[in-house]
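One structure is given here, and the rest of the page talks about it.
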Amino acid sequence: MSDEDPANHERIRILMPTPTDVAIPAPTPPAQRPFYHAVGNEERVFTAAFRQQLPVLLKGPTGCGKTRFVEAMAHDMGRPLITVSCHDDLTTADLVGRFLLRGGQTEWVDGPLTRAVRTGAICYLDEVVEARQDTTVVLHPLADHRRTLPIERLGETVTAAPQFCLVVSYNPGYQSVLKDLKDSTRQRMVAIEFGYPEPDVEIAIVQRESSADAHTAQDLVRLAQAIRRLDTAGLREVASTRVLVAAARLTEAGLPLREAAEAAIIAPLTDDQAVGASLRQLLDVYLADPPHN
């Protein structure tokens, strides 16, 4: 028997949260601004896009600070942040919502995208190209002048709250014919490109995020720069700022710098023995200094 059968109507309860009555409360903005070191005009571009109700596309390699940037901007805009990590099995229902059976009653529960649309939150779809294209099509009416979200199961079209903002990110290095952002989606958004910071900025970030000393941070950044310059077919990714921070934190726990770099940087980058051997040679070059006091 379907949900639409009249015999079922009295058993169906629809939970449609409003900005003042939310079934599953949206998170509140963090009281303290998450640390983010601007490297260009990205904060100004985001602020302008937010004020003009334009969606934002963040492009950049893994671990370069895209997620932290969104967290910092959510704080600056004074808006809650709802994050969705996209993947192959993500469905439209996962984003929009679905009927659930609870206590003998069928209830509608909003998904994270619908919650953000209703409450005026920032919705961040991380690595959006990992989601199926038939799933991301639901974003189109939200990302243009309509700013609406059709919910077919309810026969309802939700108009986004004025402060709702859609933000998506992806790594251009993972682009392929099968996994790419549709042109029709791209052209609805304001794009901000990210890269790895300049050495002096990256050193400061590693120190700030790990409490490591300047010498350790400098050695790790020099190693990362060398890895990024490699032209190795077996290396899908390079050393990100994130893994440098992880290595520095391991040294703060007492692990020798070389062991920390091996565990946090080299081993996660590749399973190829030949490529791993090449990377370990860089450890000999850039982390060969004797331990400092």
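Taking the working numbering, the leading residue of the sequence shown gets 17, the next gets one more, and so forth. Glycine residues also receive a C-beta, built at the ideal position from the N, C-alpha and C atoms.
Original post:
In angstroms, rounded to a whole number, what distance separates the CA positions of Leu-60 and Gln-121?
Top reply: Per the sequence presented here, residue 60 reads as Arg, with Leu not at that position. Looking at the two C-alpha atoms, the distance is approximately 48 Å.
Original post:
Helix, strand or coil: which one does DSSP assign to Ala-279?
Top reply: Ala-279 falls in the helix class under three-state DSSP.
Subject >> Sequence-distant residues of the same chain with beta carbon closer than 6 Å to Leu-70, five excluded per side >> reply: Closer than 6 Å at the Cβ level, and outside the excluded window around Leu-70, lie Val-206.
Original post:
Tell me which same chain residues have a C-beta within less than 8 Å of the C-beta of Arg-49, skipping the five on either side of it?
Top reply: Hits under 8 Å: Ala-88, His-91, Asp-92.
Subject >> Rounded distance between the beta-carbons of Val-100 and Gly-113, thought under 8 Å >> reply: That belief does not hold up - the Cβ atoms of Gly-113 and Val-100 are roughly 13 Å apart, past 8 Å.
**OP:** Report buried or exposed for Asp-287, applying the criterion of at least 16 other Cβ atoms within 10 angstroms of its Cβ.
**Re:** The residue in question, Asp-287, is exposed, as its Cβ has fewer than 16 Cβ neighbours within 10 Å.
Subject >> Local conformation of Glu-271 per DSSP, three classes >> reply: The residue you asked about is not Glu; residue 271 is Leu in the sequence shown. Judged by DSSP in its simplified three-state form, Leu-271 adopts coil rather than helix or strand.
Subject >> Beta bridge counterpart(s) of Tyr-140 as assigned by DSSP >> reply: Tyr-140 pairs with Thr-99, Val-183.
Original post:
CA-CA distance, Arg-54 and Val-301?
Top reply: Here the sequence assigns Ala to residue 54, which means Arg is not the residue at that position. When rounded, the distance between both Cα atoms is 31 Å.
**OP:** Please classify Leu-117: is it buried, with 16 or more other beta-carbons within 10 angstroms of its beta-carbon, or exposed?
**Re:** When all chains shown are included, Leu-117 counts as exposed.
**OP:** Name the one or two DSSP bridge partners that Lys-75 has.
**Re:** Its beta-bridge partners are Tyr-186, Glu-209.
Subject >> Whole-angstrom distance between Arg-148 and Leu-73, CA atom to CA atom >> reply: Put simply, the backbone Cα of Leu-73 is about 17 Å away from that of Arg-148.
Subject >> Residue burial classification, Asp-235 (beta-carbon count within 10 angstroms, cutoff 16) >> reply: The residue is buried, with at least 16 neighbouring Cβ atoms inside 10 Å.
**OP:** Indicate the three-state DSSP secondary structure (helix, strand or coil) for Arg-114 in the structure shown.
**Re:** Strand, per DSSP.
Original post:
Given that a residue counts as buried once 16 or more other Cβ atoms are within 10 Å of its Cβ, and exposed if not, what is Glu-214?
Top reply: By the neighbour-count rule (16 or more Cβ atoms within 10 Å), Glu-214 is not buried but exposed.
**OP:** Out of Gln-289, Leu-295, Cys-181, state which residue places its alpha-carbon closest to the alpha-carbon of Arg-134.
**Re:** Among Gln-289, Leu-295, Cys-181, the Cα nearest to that of Arg-134 belongs to Cys-181.
Original post:
DSSP three-state call for Thr-135: helix, strand or coil?
Top reply: Reduced to three states, the DSSP call for Thr-135 is helix.
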